[in-house]
Each structure stands twice: as structure tokens, then as C-alpha cells.
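K.L.:
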Amino acid sequence: SYIHAIQDEHLVPADRPTVDVKPETLQEGKAFSYSVTVEVTPEITIDGYLGMELKKEAVEVTDKDVEDGLKSVQDSRAEFKEVDRPAKAGDIVTVDFDASVAGSPVEGSKAADYQVVIGERAPVPGFDDAIVGLSKGAVKEFTLKFPEKHSREEIAGKDGLFKVSVKSVKEKVIPALDDEFAKDLDCENLAKLKEKVREEVVKVKEATDKERLKNEILDKLIEKHPFEVPEVTVNRYLGVILGNLVDNLRHGIITPGIAELNSEELKAKYRDVAVRRVKEDMVLDAIAAKEKVEITAEEYDAAIRHLAASRNVPFESLIARIEREGSVDIVRDGLKHEKVFDKIISESRKAA
């Protein structure tokens with residue numbers, strides 16, 4: 319009866335319902351009543367999205383853009399080779415280390431074969447500076463202060479004694495930019511490689527400008543159509559955002575300004591981001607429904623193949639993973655949103 323009730327009232331639940339029924343009213347063969355409380359997704363109507371005035375900009379590619387692109391290609395093909403000298407900026411130094419505070423080992427602060435890129439990545443601020451000048455086989459002890467707002471309160475702001483043993487020092491070796499390098503990248507010569515890089519730079523700049531236009535579109539539509547968002551949905555989006563931040567940390571990708579925040583401060587910091595993303599999706603979903611935007615099986619298949627190629631993973635394994643994780647609808651919604659943006663941009667007017 320609950321399902322029929324929400325259909326009759328044209329409601330879209332945002333979460334599971336809370337059911338309230340008095341046990342004393344339940345008797346076999348007799349009617350009973352119950353109440354249900356459920357947070358619902360508001361029904362919103364979006365208009366004015368066709369013929370919008372947008373700040374369209376022509377994409378220009380300079381010679382410096384191409385040079386920077388070639389340097390990026392060189393860096394991507396760089397190798398790290400072991401050297402018999404003291405470590406310096408840019409080197410990868412492999413170390414074993416452990417840390418203690420006031421003589422007690424710090425849980426989770428012991429690692430073997432840990433790689434530190436001097437000047438780029440370190441487990442604690444100042445760690446990489448402390449190993450500059452050390453060579454393979456060197457052992458060193460030094461003291462560093464843990465961040466005042468460390469996620470683990472028991473060590474926040476305290477001095478940690480680090481013991482480090484250097485296993486290897488490797489320097490970055492960048493290949494020469496010549497015809498042989500171009501041939502390794504399946505280009506006839508360096509001139510052809512430059513042409514290919516120029517084409518890629520154009521694609522990147524076009525994609526960047528499209529992202530700017532997408533944000534401009536959403537800014538205008540959200541400002542023009544204010545509405546409240548379900549708290550349960552905001553919390554769900556917030557959970558995903560924080561989960562991604564944690565995954566990044568595990569892979570050594572540190573978002574600036576979060577290492578010193580505790581869980582409650584992280585939630586407060588990213589709540590507005592979650593609210594914004596919920597509003598964006600609701601606006602785009604409303605337009606997609608109004609315009610009857612659909613994704614064909616061929617379009618879905620092509621998108622997954624493109625994503626698999628960009629990630630260098632087999633198509634079959636990626637599509638199986640998406641289905642296993644129950645993310646098919648998320649992917650399809652994302653494709654619908656892109657179609658919505660394409661329609662809005664194609665029918666927009668250039669701002670004066």
C-alpha cells in the first residue's frame with residue numbers, strides 16, 4: 319500500500335521510509351492503519367535553458383602550448399635510474415622508516431620500501447627535506463612536528479622521532495626529443511609528433527572551455543531556480559566525496575588543506591560542495607526528463623569503450639565492474655547530462 323500511496327501522490331522518495339504502526343491495533347483479519355515518514359525529492363521545473371547567453375571563447379593554440387605538451391610527453395616517458403650520489407630535489411628515494419612520539423611507536427607510521435619524491439610527496443611535511451643529501455645505505459634520525467589538526471588527535475601537534483634507512487636513490491632521466499623518440503610513439507618523425515601534440519592540445523583546451531561553459535550554465539540555472547535539497551541526499555553525496563578523498567590519500571594523492579582536518583571539520587568543509595552537486599544533478603535530471611533525453615545501447619557501449627581505452631583497461635572487465643558495482647544508472651545519467659549540456663550550448667547565444 320505504501321508503493322501505491324507514493325504513486326498516487328506523485329512523490330519521489332529520497333530515502334527509505336520510517337514506518338509507524340501501533341502493535342495493539344494489529345489483529346488478524348482486521349483493518350489497521352499506519353503512518354509513513356519519508357524525505358522526498360522536490361519536483362522542480364527548469365526553464366530558460368535554451369537560448370542562454372554564454373561567454374563563448376575561441377580556442378587558440380600557441381607554439382608554447384605545443385612545447386609544453388611535448389615536455390609533458392617527455393616526462394611521461396621518463397625513467398628513474400639508480401645513482402650512487404646524495405639525494406636531491408626531483409629524485410625518488412626508497413626508504414624504510416618508523417616514527418615514535420615520546421618513546422612510544424606511532425601506529426601506522428612504519429613502512430618498508432616507501433618511495434618519497436623529494437619536493438613532491440612526503441608522509442609528513444618536512445620529511446623529504448630531511449632526507450636530502452642522504453645516499454644509499456645511510457641511516458638518519460630526525461624530529462618533525464605532526465600537523466596541529468592531524469586526523470589522529472593523539473599525535474596532533476606533537477614531535478615525532480623518525481628513523482630512516484635509505485634503500486636507494488633514483489634520478490629522473492628524460493629521453494631526448496628527436497625523431498627516434500617520435501618513432502617510439504608511433505609517429506613518423508618529430509614534425510608529425512608535434513602535429514599530433516597540437517591536435518591533443520586543441521582537444522584539451524576545447525574540453526576545458528566546455529567545462530567552463532557547463533559551470534556557467536549551472537551557475538545561472540541554480541541561481542534562477544532556488545530550491546531545497548533532501549538532507550539525506552546531501553549526506554549520501556558527502557559520503558562519496560569524503561570516500562574519494564580517503565582513497566586518494568591511500569594512493570599518495572594529498573588534497574591541499576585536508577591533512578590537518580578531523581572528520582567533523584572535513585564534513586563541514588565539503589558539505590557545501592555536496593549541496594551544490596545535488597542541485598546540479600537535480601537540475602540536469604529535470605531538463606533531461608523535460609527534453610526526453612535517452613541513451614541508446616550503442617551510445618552507452620561507445621562511452622564505456624572510450625573510457626576503457628583512456629584508462630588502458632580491457633572493455634569487458636570495465637563493463638563487468640560497472641555492472642557488478644551497480645553503477646550502470648550512474649553512467650547513463652552522466653551521459654544524459656552531457657547530452658543536455660550539448661543541447662544548451664549548441665542553442666545558446668554568445669554574450670556581448
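Each residue of the sequence shown is one higher than the one before, counting from 319 in the numbering used here. Quick reminder that beta carbons are idealized off the backbone N, C-alpha and C, glycines included. Note that the structure is predicted; figures quoted are calculated from it, not measured.
Suppose the cutoff is 6 Å on Cβ atoms and the five residues either side in sequence are ignored; what does the same chain contact list for residue 460 look like?
P.N.:
For residue 460, where only same-chain residues beyond five positions count, the Cβ hits under 6 Å are 448 and 480.
K.L.:
Opposite residue 301 in the DSSP bridges: which residues?
P.N.:
The structure shown does not extend to residue 301, since the chain is modelled only from 319 to 670, so the question has no answer here.
K.L.:
Check each candidate in 341, 668, 427 and 660 and name the one with the smallest Cα separation from residue 606.
P.N.:
Ranking 341, 668, 427 and 660 by Cα distance to residue 606 puts 660 first.
K.L.:
Measure the beta-carbon distance from residue 359 to residue 332 and round it to whole angstroms, keeping in mind my assumption that it falls under 8 Å.
P.N.:
5 Å between Cβ atoms; contact.
K.L.:
Go to residue 490, then tell me how far its beta strand (DSSP E) extends in each direction, as first and last residue.
P.N.:
Residue 490 -> beta strand (DSSP E) spans 477 to 491.
K.L.:
Does the pairing of the stretch 515 to 532 with the stretch 421 to 438 give three or more beta-carbon distances under 8 Å?
P.N.:
Output reads no: the stretch 421 to 438 does not touch the stretch 515 to 532.
K.L.:
Measuring alpha carbon to alpha carbon, tell me which of 439, 444, 631 and 476 ends up nearest residue 421.
P.N.:
Ranking the options by Cα distance to residue 421, first place goes to 476.
K.L.:
Please report the straight-line C-alpha distance between residue 492 and residue 516, rounded to a whole angstrom.
P.N.:
In a straight line, the C-alpha of residue 492 is about 21 Å away from that of residue 516.
K.L.:
At a cut of 8 Å, does the stretch 629 to 636 reach the stretch 502 to 517 through at least three beta carbon pairs?
P.N.:
Touching, no.
K.L.:
Report the rounded CA-to-CA distance for residue 610 versus residue 602, giving the unit in angstroms.
P.N.:
Approximately 12 Å between the Cα atoms of the pair.
K.L.:
Classify residue 647 as buried or exposed, calling it buried when 16 or more other Cβ atoms lie within 10 Å of its own Cβ.
P.N.:
Exposed, by the Cβ-count rule.
K.L.:
Between residue 406 and residue 502, what straight-line distance do the alpha-carbon atoms span, to the nearest angstrom?
P.N.:
So the alpha carbons of these two residues sit roughly 30 Å apart.
K.L.:
Closest to residue 356 by C-alpha separation, out of 500, 335, 350 and 373, would be which residue?
P.N.:
The shortest C-alpha separation from residue 356 is found at 335.
K.L.:
I'd like to know whether the C-beta atoms of residue 551 and residue 520 end up nearer to each other than 8 Å.
P.N.:
Their beta carbons are not under 8 Å apart, which means residue 551 does not touch residue 520 by this criterion.
K.L.:
Could you check if residue 308 is buried or exposed, using at least 16 other CB atoms within 10 Å of its CB as the buried criterion?
P.N.:
Limits of the chain in this structure are 319 at one end and 670 at the other, which puts residue 308 out of reach.
K.L.:
Under three-state DSSP, which class holds residue 409?
P.N.:
Of the three classes helix, strand and coil, the one that applies to residue 409 here is coil, per DSSP.
K.L.:
May I ask you to verify whether the stretch 366 to 381 touches the stretch 531 to 542, counting CB pairs closer than 8 Å and requiring at least 3?
P.N.:
Cβ pair count under 8 Å is three or more, so yes.
K.L.:
Does the separation of the CB atoms of residue 434 and residue 457 fall below 8 Å?
P.N.:
Cβ atoms of residue 434 and residue 457: not closer than 8 Å.
K.L.:
Would you call the stretch 582 to 596 and the stretch 551 to 563 in contact, with 3 or more CB pairs under 8 Å?
P.N.:
Yes, the stretch 582 to 596 is in contact with the stretch 551 to 563.
K.L.:
Is the beta carbon of residue 471 less than 8 Å from the beta carbon of residue 399?
P.N.:
No, they are not a contact pair.
K.L.:
Taking residue 355 as part of the beta strand (DSSP E), name the residues at either end of that continuous run.
P.N.:
Note, residue 355: beta strand (DSSP E), 353 to 355.
K.L.:
When you compare each of 345, 668 and 455 to residue 403 by their alpha carbons, which one comes out closest?
P.N.:
Residue 403 has its Cα closest to that of 455, out of 345, 668 and 455.
K.L.:
Go ahead and label residue 423 buried or exposed: buried means 16 or more other beta carbons lie within 10 angstroms of its beta carbon, across all protein chains shown.
P.N.:
Per the 10 Å Cβ criterion, exposed.
K.L.:
State the start and end residues of the unbroken alpha helix (DSSP H) segment that holds residue 539.
P.N.:
Where residue 539 is concerned, the enclosing alpha helix (DSSP H) stretches over 508 to 542.
K.L.:
Tell me residue 415's beta-bridge partners as DSSP assigns them.
P.N.:
Bridge partners of residue 415: 429 and 482.
K.L.:
Is DSSP giving residue 336 helix, strand or coil here?
P.N.:
Three-state DSSP puts residue 336 in a strand.
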